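Chains as they are written, first to last, in my numbering: chain B, 1 to 291; chain R, 1 to 515; chain E, 1 to 340. Glycine included, each C-beta is placed from N, C-alpha and C at the ideal position. Every value quoted in this text rests on a predicted model; they were computed, and no experiment measured them. Here the structure is laid out as structure tokens; the discussion comes afterwards.
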Amino acid sequence: MSDMSAHDPAMIQPRGLAAFLRRRPLFAFGIAGLATIVACALFAPFIATHDPVAINFADKLVGPSAEHLFGTDNLGRDIFSRVVYGARTSLLIGAIVTALAIAIGAPLGLLAGYFGGKTDAFMMRGCDVFLAFPPLLLPIAITAAIGTGLLNAMIALAISWFPWYARIMRSSVLRIRSELYVDAARAMGVSHGRVMVRHIVPNAMTPIIVQGSLDFSYTILAAASLSFIGIGAQPPQIEWGLMASQARSLFMDFWWTVTFPGLAIFVTVLSINLIGDGLRDLLDPRGSSTR
Amino acid sequence: MLSKKFVFAMLAVCSATIMSTSTAMSRDDANQITYVFSNDIKEWDPAVIYSTEVRTLLNVYETLTRFDPAAGKADPLLATSWSVSDDGLTWTFKLREGVTFHDGTPFDAEAAKSSIDRTMKMGKGASYIWSGVTSIEAPDSTTLLMKTEKPMPLDLIASSQYGAFIVSPTATEKGPEWFANGNEAGTGPYRLADYSRSQQAVLEKFDDYWGGWTGDHFDRVVVRFVQEVSTQVQMLRGGEGDLMISPPPNLLDTLSQDQELKVDIFDSWLNIPLSINTQKYPTDNLKFREALTYLMDYAAIAESIFPGTGSVPKSCLPQSIAGSGQFDLPSFDPETARQLLEESGIPEKDWKVNYYAYNGREGIMEIAEMFQALAAQVGVTVDIQNGEWGVMWDKQRTLETSGNMFAMVWWADWASPTGWLTTLWRSEDPTLFNFSYYSNADFDKLLDEATGLQGTDPEAAAQKFADAQGKLHEDAVAMCLVDLKQAVVYRADVEGVEYNPAYETIFAYELHRAD
Amino acid sequence: MTLGSYIGRRLLMLVIILAGVITITFFLSRVLPGSPVEMMIGYRPTAEEIEAAKIELGLDKSLPVQYLSFLVDAARGDFGKSLSTGRPVIEDIGQRAGATLELTFTSMVLVLLIGIPLGVISAVNREKPADQFVRAVSIAGAALPVFMVGILLQMLFEGQLGWFPLQGRLSSSLLFDGSFEPRTGLYVIDSLIAGSWSTFFDALAHLVLPVATLTLSTLPLVTRITRNMMMEVLEEEYIRTAHAYGVRASYVHYRYALRATLIPLITVAGLTYGYMLGGTVVVEFIFDWPGLGGYLVRSISRNDFPATVGVTTVLAASYLLINLVVDLLYHAVDPRLRNT
């Protein structure tokens with residue numbers, strides 16, 4: 001019952017939001033963390049202290065110092081600057097993969113839910129096949145097939161993630177389809193396409209958007225893992241998972257080479273998860289979502 | 001509450017045992033040495049082997065002769081003495097008596113003949129070393145007679161670490177499947193006792209080894225295949241491993257400060273040539289290739305990527321090998337590069353090259369990334385493709401899938417420049433290692449003449465080899481990135497570590513542990 | 001619906017989905033880059049060798065024919081020969097399955113034993129410090145990629161403390177001294193069967209860090225799901241009623257609510273297994289663990305498509321099977337489902 005206030009209409013008022021933030025410091029921390037990462041991505045050239053690709057052997061593998069906040073890597077590149085620029089890559093990966101997965105999954109779910117019957121059965125069984133692969137395994141296999149590289153890894157992640165959106169969309173559509181106004185529209189002779197676009201999609205998008213923002217962090221983690229095992233980002237791309245991977249032979253003796261890229265992933269994903277957690281409490285206080 | 005106490009007690013015992021066993025385990029057996037290598041044995045057939053397999057298998061197989069780096073000549077091994085006819089065309093090898101293969105078959109002239117015949121007939125691996133041999137005969141059990149069409153230093157060729165292993169004729173009859181399943185039949189001091197794919201090979205002393213076991217030797221050699229170099233290093237630090245070759249250059253300093261370890265740096269014939277593809281746009285353009293050679297920072301490679309083991313080369317042959325010329329090679333000079341690029345006539349939008357690198361060799365990727373950054377400064381885009389050695393090799397061997405540039409650590413087949421010049425740049429079809437797709441009749445001719453003179457007139461041969469190398473640089477078909485020394489790291493109580501530049505291993509038979 | 005017909009329907013679904021999985025892997029295998037023929041025959045092939053290899057790989061036939069024979073072969077577990085090891089893929093898989101099973105099974109037991117109680121404690125003490133602590137830790141844990149967990153453990157326990165062996169499943173001396181004959185492929189169990197304590201402890205020591213990595217990286221997920229499920233149950237009418245009747249709170253929580261939660265938690269086990277399989281790819285890669293995950297990564301980096309396809313299919317099939325078992329169990333123990 002403690003969360004009933006989340007349903008209070010005052011919540012959406014600025015003052016209510018401030019109060020909410022105060023009562024939920026973790027949510028506030030998440031907002032601050034994500035804002036920092038986004039700022040790094042947007043203003044990388046101003047925040048970075050060095051050229052992230054400039055090689056400087058004179059300063060190779062030096063530890064964190066005033067000159068190099070996070071130390072340097074085996075080519076003498078400034079790790080702080082690389083971490084800052086890496087924010088661009090990771091946020092971009094999150095955005096593109098999520099958008100792509102929604103772009104594939106949502107229309108399928110819409111058609112399946114709207115028409116039902118054989119279309120539905122066929123599409124949903126198709127989705128089941130994709131979901132039958134253990135998470136992370138399908139993207140690995142797809143990347144292996146279409147070739148390593150960041151773009152292919154992103155495509156692979158989207159392909160293996162879209163069925164979730166198809167499912168969510170379908171269940172929303174099923175709920176909305178039985179609403180009175182949809183029946184009314186159909187009875188008035190509005191075409192299927194128009195009904196879908198005008199009446200169903202706008203009302204079905206909310207859960208998709210919510211889920212998408214939650215999956216954002218999963219995507220970043222998965223992409224980093226793909227880069228780490230060598231099938232994701234490739235040099236000269238700057239990606240945190242790749243940086244950790246490149247430090248594999250060094251981290252025992254030069255701890256900073258792997259710690260800071262790892263920390264960057266941690267802070268980003270943690271921030272997004274904290275925000276997601278807060279949002280869930282705000283929208284769905286029973287926290288019944290289990291995915 | 002007995003149960004709770006009991007559980008705690010059990011936990012304590014367990015953890016204590018785990019910790020003690022995990023460190024004590026590998027040290028139990030004092031008369032065993034553990035090598036830690038990166039690469040598993042992919043190819044077992046001695047006629048086909050042409051890569052890192054020899055690190056393990058040089059302890060299992062033997063050749064007729066062994067190269068002696070100090071004297072620059074061949075020493076007896078399975079052959080005890082040899083002579084060559086006055087015309088230099090007939091070689092007579094006297095073979096060691098009382099030698100048996102690991103499968104019990106006695107070693108004799110017939111066995112040696114069939115082994116070399118088989119390698120030549122199969123035409124795989126480094127079989128080229130025998131080209132020029134016209135016939136092999138075994139007049140009696142200890143005499144091997146080899147005839148050649150031109151004078152060749154067969155005593156040195158027979159010492160080659162590739163293509164010259166003598167294998168039991170009984171084994172070769174069992175067919176390639178038998179080898180592929182991880183079997184051997186050599187005459188070396190150690191025989192393969194156990195092999196777990198991608199984990200380890202266990203070599204046990206071969207009781208009937210002709211060299212005998214009277215001295216201080218290890219009874220057992222365990223070769224662990226550990227992909228990650230950092231893990232290899234940690235295994236040595238913790239005592240799980242005893243010896244590794246080519247540690248990460250960045251760790252040489254800290255490793256040599258470790259009291260429990262020793263780091264030895266030996267002269268070697270290792271270097272890194274970078275082949276430039278002469279048949280792929282835009283590197284089919286001479287000026288463009290020349291421009292690329294000015295975009296590499298050779299000094300940085302020697303000093304910063306391979307500190308302590310690298311030196312700036314003077315030729316694409318390591319300076320340490322006889323017959324290597326000395327040339328005034330390009331150095332990093334973006335101005336000149338830019339100028340050459342303009343002169344090349346290649347439009348600026350096409351200033352793009354594919355650069356192939358591979359995993360598992362420290363330094364290879366660093367060089368690639370450095371070149372990428374330096375080339376970007378003058379507007380050349382470098383696309384690095386990286387994969388396992390075998391995969392990249394396969395890609396480069398087919399012109400359609402090949403890259404513009406391919407850099408690799410290279411070492412000798414046998415003590416001759418041919419291991420570089422013939423293997424890497426002589427016209428060949430299909431391509432095995434001529435990653436430059438270089439085909440120059442003049443170069444081939446010089447090379448053949450030089451190879452022919454090796455047996456009779458080493459000085460004239462050296463001159464021809466130098467001329468041939470001159471052609472390479474004229475045509476800018478390669479960048480000579482760095483000459484390397486071989487670093488070997490081992491537990492301080494291991495004694496007798498010596499490195500022979502002609503062999504890419506440490507012979508375990510020569511080692512023992514201090515008392 | 002009776003249990004029998006339910007099982008029948010689920011089995012049918014399984015076959016259909018498995019066929020779908022194999023179809024996907026087939027198409028993946030045909031677009032793989034590089035020429036499998038060249039990979040297969042190695043150095044300096046002759047024209048005849050290339051032809052022979054093509055026939056062996058079935059590349060001389062039309063695509064539909066290739067697909068059908070692939071489907072039939074795959075159903076029988078025949079994925080052809082690995083291009084890098086030269087042996088039948090299914091043999092390679094058989095040899096390595098034990099390692100992965102040992103790793104995932106141990107981690108799974110641990111993660112359920114730790115994660116479920118944590119989730120319950122968290123739910124019962126909702127919004128109290130215990131809950132906030134568990135939630136904070138699990139949210140933080142979920143933000144660490146598997147490879148970072150592995151690397152951090154390596155840095156601490158191998159680099160700094162040197163407590164555990166670095167890689168592999170057994171110390172080299174035990175791998176071949178003849179006293180140890182792997183039967184089940186699970187070394188910990190094999191060594192117990194053989195009655196060799198030193199082998200047992202050695203295998204256990206090798207298991208610690210990989211299992212810790214896999215467990216720690218899956219724990220947040222299990223904790224969170226348990227918490228959510230338990231909370232849902234706590235909202236149920238009969239629990240509230242019990243509270244209202246003055247039944248002792250702990251009795252209500254652990255007797256009624258936990259029991260009601262445990263049934264849906266069976267499905268968590270299935271889900272966890274899936275996450276374990278994904279994680280094991282990275283864990284085996286980091287710790288050089290000779291299982292299927294490491295085999296997959298190596299096969300990919302070697303363009304070894306029969307092996308890649310084989311492992312992917314087998315892992316997906318095992319995931320399907322586990323989930324089938326889980327569903328059936330669920331069906332069997334949940335009275336509500338039985339009667340619908």
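Check                                                                                                                                        : Outcome
Asp-483 (chain R) - partner residues in DSSP beta bridges                                                                                    : R:Asn-271, R:Ser-311
Local conformation of Phe-228 (chain B) per DSSP, three classes                                                                              : helix
Under 8 Å from the C-beta of Met-252 (chain B): neighbouring residues of chain D                                                             : Of the protein chains in this structure, namely B, R and E, none is chain D.
Euclidean distance between Cα positions of Gly-186 (chain R) and Ala-164 (chain R)                                                           : 12 Å
Simplified DSSP state of Ile-146 (chain B), which is helix, strand or coil                                                                   : helix
Asn-271 (chain R) burial status per 10 Å Cβ neighbour count (16 or more: buried)                                                             : buried
Contacts around Arg-491 (chain R), its chain only, beta-carbon distance under 6 Å, and the 5 residues preceding and following it disregarded : Asp-242
Where Pro-248 (chain R) falls, given that 16 or more other Cβ within 10 Å makes a residue buried                                             : buried
Short Cβ contact (8 Å threshold) for Met-392 (chain R) with Leu-274 (chain R)                                                                : no
Start-to-end residues for the beta strand (DSSP E) that takes in Pro-76 (chain R)                                                            : 73–76
Burial state of Leu-214 (chain B) (16 or more Cβ within 10 Å)                                                                                : buried
The alpha helix (DSSP H) enclosing Leu-83 (chain E), as first and last residue numbers                                                       : Careful: Leu-83 (chain E) lies outside any alpha helix (DSSP H) and carries neither H nor E.
Cross-chain neighbours of Asn-152 (chain B) in chain R, by beta carbon under 9 Å                                                             : What Asn-152 (chain B) touches in chain R: nothing, since even the nearest Cβ is about 13 Å away.
C-beta contact flag for Pro-107 (chain B) and Phe-130 (chain B) at 8 Å                                                                       : no
Contacting residues, own chain, Cβ-Cβ under 6 Å from Ser-29 (chain E) (five flanking each side not counted)                                  : Phe-305, Val-309
Under 8 Å by beta carbon: chain B residues contacting Phe-105 (chain E)                                                                      : None at all; the shortest Cβ gap to chain B is about 15 Å.
8 Å Cβ cutoff, Arg-22 (chain B) in contact with chain E                                                                                      : no
Reduced DSSP secondary structure (H/G/I, E/B, other) of Phe-225 (chain R)                                                                    : strand
Residue from R:Val-489, R:Met-365, R:Phe-435 whose Cα sits closest to the Cα of Thr-398 (chain R)                                            : R:Phe-435
CB contact check: Arg-183 (chain E) to chain R, cutoff 8 Å                                                                                   : no
Contact check, Asp-68 (chain R) vs Gln-319 (chain R), beta carbons under 8 Å                                                                 : no
Where the beta strand (DSSP E) through Ala-143 (chain E) begins and ends                                                                     : Here Ala-143 (chain E) belongs to no beta strand (DSSP E), and DSSP marks it neither H nor E.
C-alpha gap between Thr-272 (chain E) and Met-108 (chain E), whole angstroms                                                                 : 7 Å
Euclidean distance between Cα positions of Lys-60 (chain B) and Asn-74 (chain B)                                                             : 6 Å
Short CB-CB distance (under 8 Å) between Ile-17 (chain E) and chain B                                                                        : yes
Run of the alpha helix (DSSP H) containing Val-211 (chain E), from where it starts to where it stops                                         : 197–234
Neighbour-count burial assignment, Arg-23 (chain B), 16 or more Cβ in a 10 Å radius                                                          : exposed
One or two residues paired with Ile-276 (chain R) in a DSSP bridge                                                                           : R:Met-405
Proximal chain B residues relative to Ala-171 (chain R), where beta-carbon distance stays under 9 Å                                          : Result: empty, since nearest Cβ-Cβ is about 37 Å, beyond 9 Å.
Buried or exposed (CB count within 10 angstroms, at least 16 for buried), Ala-126 (chain R)                                                  : buried
Contact check, Leu-274 (chain B) vs Phe-29 (chain B), beta carbons under 8 Å                                                                 : yes
Beta-carbon separation (whole angstroms), Leu-320 (chain E) vs Ala-97 (chain E), contact threshold 8 Å                                       : That pair is no contact at about 16 Å.
Start and end residues, beta strand (DSSP E) containing Glu-137 (chain R)                                                                    : 133–140
Inside the stretch 326–386 of chain R only - alpha helix (DSSP H) runs reaching at least 4 residues                                          : 334–344, 364–377
Beta-carbon spacing of Gln-455 (chain R), Met-152 (chain R) below 8 Å                                                                        : Residue 455 (chain R) is actually Gly in this sequence, not Gln. Result yes, Cβ atoms of Gly-455 (chain R) and Met-152 (chain R) sit closer than 8 Å.
Same chain only: Cβ atoms within 6 Å of Leu-3 (chain E), ignoring 5 sequence neighbours per side                                             : none
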